[in-house]
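Colleague: My questions will all concern the structure given below.
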Amino acid sequence: MTDAVIPLADLRYAAQVPQIPAQLHAPQGWLADRLGRPLRDLRISVTDRCNFRCSYCMPKEVFDSQYKFLPQSSLLSFEEITRAARLFAGHGVEKLRLTGGEPLLRKHLEVLIGQLAALRTPQGRALDITLTTNASLLARKAQALRDAGLQRVTVSLDALDDAVFRRMNDVDFPVADVLDGIQAALRAGLAPVKVNMVVKRGTNDDQIVPLARHVRDHCGPGVVLRFIEYMDVGATNGWRMDEVLPSAQVRERLHAVHPLLRLDASAPGETAERWRYADGGGEVGFISSVTQAFCGDCNRARLSTEGKLFLCLFASRGHDLRALLRGDYSDAQISAAIGQIWGEREDRYSELRGQGGAVPQDGTRRVEMHYIGG
Ligand code: SAM
Ligand code: SF4
Ligand code: SF4
Numbered sequence: 066m067t068d069a070v071i072p073l074a075d076l077r078y079a080a081q082v083p084q085i086p087a088q089l090h091a092p093q094g095w096l097a098d099r100l101g102r103p104l105r106d107l108r109i110s111v112t113d114r115c116n117f118r119c120s121y122c123m124p125k126e127v128f129d130s131q132y133k134f135l136p137q138s139s140l141l142s143f144e145e146i147t148r149a150a151r152l153f154a155g156h157g158v159e160k161l162r163l164t165g166g167e168p169l170l171r172k173h174l175e176v177l178i179g180q181l182a183a184l185r186t187p188q189g190r191a192l193d194i195t196l197t198t199n200a201s202l203l204a205r206k207a208q209a210l211r212d213a214g215l216q217r218v219t220v221s222l223d224a225l226d227d228a229v230f231r232r233m234n235d236v237d238f239p240v241a242d243v244l245d246g247i248q249a250a251l252r253a254g255l256a257p258v259k260v261n262m263v264v265k266r267g268t269n270d271d272q273i274v275p276l277a278r279h280v281r282d283h284c285g286p287g288v289v290l291r292f293i294e295y296m297d298v299g300a301t302n303g304w305r306m307d308e309v310l311p312s313a314q315v316r317e318r319l320h321a322v323h324p325l326l327r328l329d330a331s332a333p334g335e336t337a338e339r340w341r342y343a344d345g346g347g348e349v350g351f352i353s354s355v356t357q358a359f360c361g362d363c364n365r366a367r368l369s370t371e372g373k374l375f376l377c378l379f380a381s382r383g384h385d386l387r388a389l390l391r392g393d394y395s396d397a398q399i400s401a402a403i404g405q406i407w408g409e410r411e412d413r414y415s416e417l418r419g420q421g422g423a424v425p426q427d428g429t430r431r432v433e434m435h436y437i438g439g
């Protein structure tokens with residue numbers, strides 16, 4: 066156990082109320098930030114609560130019974146989320162990812178999914194709607210989510226061994242229930258199911274090969290495993306570089322047992338490097354957020370549980386969209402404000418850190434993963 070866990074004062078995060086531009090330019094269906102990056106992907110956190118206490122995300126020492134989660138009145142309502150998503154779609158967002166905390170803890174989530182599924186891009190296309198979950202409630206909810214219009218799910222799963230998994234989620238949750246959730250998602254037609262494993266050296270790196278083998282031999286081509294480098298998000302997980310196992314080493318370990326061949330990236334802004342088993346056993350991905358920054362084509366914005374817009378996972382300041390959504394502002398005004406915020410974006414935290422350069426530090430606390438959703 067590390068001694069670097071930093072207790073939180075309940076400050077939440079600095080945010081400024083966005084300015085409404087004097088000239089309200091109608092959305093053009095695309096935007097570019099200062100580094101020429103479009104806005105394509107909106108991640109929406111629907112709750113800051115979670116029934117797990119993964120040590121790298123919500124360490125028990127901090128997120129205990131005394132911790133004050135956001136009150137219900139702070140959360141964006143489904144109508145507010147849908148309105149925001151519609152305005153983002155006007156600026157070029159094509160993909161929505163619901164996350165949390167644990168998004169399946171938000172009551173009636175399928176109602177929100179139904180509302181989001183009715184949205185269209187300026188070209189008249191439906192948005193791609195997906196969800197990231199710990200899958201603890203997925204077996205029960207997969208079919209209703211699919212019926213409401215969810216297209217795919219990403220399941221977080223850090224170990225196949227039950228004891229290791231229970232230790233990592235730190236609430237003694239059994240791995241079998243997560244595996245059942247994955248099967249339920251497949252049955253409901255939520256394929257391909259992506260399974261994300263955060264690899265922490267010395268904690269679960271012995272699970273790389275067993276989990277990969279389980280997915281390739283027992284789950285079929287509808288499930289794709291992706292390995293994620295343990296990141297220095299937030300300020301509570303006591304992150305240390307020596308606990309990061311670089312993707313290159315994860316790949317070497319897997320390649321030694323099941324030889325791998327590289328695939329082309331499927332889409333610009335794709336975070337995972339894609340590989341396939343040489344023997345036709347399917348595909349695996351590697352997300353190297355620490356050792357190989359992908360800020361250059363980062364097209365993601367993040368909307369927190371209480372409606373703050375963050376332009377980077379490592380940001381410490383958000384833009385208080387909720388103030389606009391709950392104020393007396395028209396769609397045109399809020400849309401123009403969003404356009405202006407994205408137009409001024411120049412975040413590239415991982416790239417700067419990778420180059421050994423100074424990363425922005427303004428004295429405020431970096432946003433936590435359970436609040437912004439990863
Ligand atoms: N509770 C849901 C879940 O676990 O899938 C959604 C929210 S969770 C914050 C989203 C993703 O962030 C998960 O895949 C989780 O493993 C990942 N994550 C959280 N903290 C992380 C860290 N320090 N480094 C890398 N990934 C992290
Ligand atoms: Fe909960 Fe997901 Fe964070 Fe784990 S990673 S504590 S499941 S929000
Ligand atoms: Fe995007 Fe920020 Fe991550 Fe870079 S560090 S890829 S800008 S979220």
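Quick note on numbering: the numbering used here labels position 94 of the sequence shown as 159, and the sequence is numbered without any gaps. Each residue gets a CB set at the ideal place from its N, CA and C atoms; glycine is no exception. Everything numeric in this text was worked out from a predicted model, so none of it was measured.
Just how far apart, CA to CA, sit A343 and A380?
Modeller: For the purposes of this step, residue 343 is taken as residue 278 along the sequence shown, with counting starting at 1. For the purposes of this step, residue 380 is taken as residue 315 along the sequence shown, with counting starting at 1. Taking the straight line joining both Cα atoms gives about 39 Å.
Colleague: Relative to the C-alpha of Q272, which residue among L310, R281, T301 and D226 is closest?
Modeller: Counted from its first residue, the sequence shown places residue 272 at position 207. Of L310, R281, T301 and D226, the residue nearest in Cα terms is D226.
Colleague: Exposed or buried, what is D68 when buried is set at 16 or more other beta-carbons lying within 10 Å of its beta-carbon?
Modeller: Mapped onto the sequence shown, residue 68 falls at position 3. Reliability fails at D68, whose pLDDT of 39 lies under 50, so the model's placement of it is uncertain and the value that follows must be treated cautiously. D68 should be labelled exposed.
Colleague: Run through DSSP, which three-state label would I406 get?
Modeller: As a first step, residue 406 must be located in the sequence shown, where it is residue number 341. The answer is helix: DSSP assigns I406 an H, G or I state.
Colleague: Return the chain-ordered list of same chain residues with a C-beta closer than 6 Å to the C-beta of G491, the five sequence neighbours on each side being excluded.
Modeller: Limits of the chain in this structure are 66 at one end and 439 at the other, which puts residue 491 out of reach.
Colleague: Under a three-way DSSP split, which group does D396 fall into?
Modeller: In the sequence shown, residue 396 corresponds to position 331, counting from 1. If DSSP states are grouped into helix, strand and coil, D396 belongs with the helices.
Colleague: In whole angstroms, give me the CA-to-CA distance for A74 and Y132.
Modeller: Taking the first residue of the sequence shown as position 1, residue 74 is located at position 9. Taking the first residue of the sequence shown as position 1, residue 132 is located at position 67. At A74, the pLDDT of 36 sits below 50, so the modelled position is not reliable; the number obtained from the coordinates is stated separately. Going from the Cα of A74 to the Cα of Y132 covers about 10 Å.
Colleague: I'd like the span of the beta strand (DSSP E) that includes Q81, first residue to last.
Modeller: Here residue 81 refers to the residue found at position 16 of the sequence shown. Here the beta strand (DSSP E) through Q81 covers A79 to Q81.
Colleague: Which ranges does the beta strand (DSSP E) cover as unbroken runs of at least 3 residues, wholly within the stretch 126-209, from first to last along the chain?
Modeller: Here the runs fully enclosed are 160-164 and 193-198.
Colleague: Give the DSSP-derived three-state secondary structure of G383 in the structure shown.
Modeller: The count along the sequence shown starts at 1 and reaches residue 383 at position 318. It is a strand residue.
Colleague: Once the 5 residues before and after R211 are set aside, which same chain residues still bring their CB inside 6 Å of it?
Modeller: Here residue 211 refers to the residue found at position 146 of the sequence shown. So the qualifying residues of the chain are A253, G254 and L255.
Colleague: At the level of alpha carbons, what is the spacing between F465 and S369?
Modeller: For residue 465 there is no data in the structure shown, the boundaries of the chain being 66 and 439.
Colleague: Nearest-angstrom Cα distance between P311 and S353?
Modeller: Position 246 of the sequence shown, counting from 1, holds the residue named residue 311. Position 288 of the sequence shown, counting from 1, holds the residue named residue 353. Taking the straight line from one Cα to the other gives about 7 Å.
Colleague: Determine the extent of the beta strand (DSSP E) in which D244 is found, giving its start and end residues.
Modeller: Residue mapping note: residue 244 aligns to position 179 of the sequence shown, counting from 1. Strictly speaking, residue 244 in this sequence is Leu, with Asp absent from that position. Run containing L244: none in the beta strand (DSSP E); it sits in the alpha helix (DSSP H), V240 to A253.
Colleague: Check this for me: beta carbons of D235 and C119, under 8 Å apart or not?
Modeller: In the sequence shown, the residue the question calls residue 235 occupies position 170. In the sequence shown, the residue the question calls residue 119 occupies position 54. Yes, these two residues count as a Cβ contact at 8 Å.
Colleague: Between which two residues does the beta strand (DSSP E) carrying L325 extend?
Modeller: Along the sequence shown, one-based indexing puts residue 325 at 260. L325 -> beta strand (DSSP E) spans L325 to R327.
Colleague: List, from N- to C-terminal side, the alpha helix (DSSP H) runs of 4 residues or more that fit wholly inside the stretch 269-316.
Modeller: Whole alpha helix (DSSP H) segments, 4+ residues: 273-279.
Colleague: When the Cα of H384 is compared with those of N364, Q405, L184 and D270, which residue comes out closest?
Modeller: For this step, residue 384 is matched to residue 319 along the sequence shown. Nearest C-alpha to H384: Q405.
Colleague: In its own chain, which residues sit with a C-beta less than 7 Å from the C-beta of R105, not counting the 5 before and 5 after it?
Modeller: Start at 1 with the first residue of the sequence shown, and residue 105 comes out as number 40. Taken in chain order, the residues that qualify are G157, V158, E159, K160, G334 and N364.
Colleague: Just checking P22 against ligand 1 - is the residue's beta carbon closer than 7 Å to any of the ligand's heavy atoms?
Modeller: As displayed, the chain neither begins before 66 nor continues past 439, which places residue 22 out of reach and without an answer.
Colleague: Going by the beta-carbon positions, is the gap between F351 and V315 smaller than 8 Å?
Modeller: Position 286 of the sequence shown holds residue 351. Position 250 of the sequence shown holds residue 315. Yes, the Cβ-Cβ distance between F351 and V315 is below 8 Å.
Colleague: Output needed for D242: all residues of its chain with C-beta closer than 8 Å, excluding positions within five of it in sequence on either side, in chain order.
Modeller: Against the sequence shown, residue 242 aligns to sequence position 177. Only A200, S201 and A204 meet the Cβ criterion.
Colleague: Report all residues for which the CB-ligand distance to some heavy atom of ligand 2 is below 5 Å; order them along the chain.
Modeller: Output, sorted by chain position: C115, F117, C119, C122, M123, N199 and H435.
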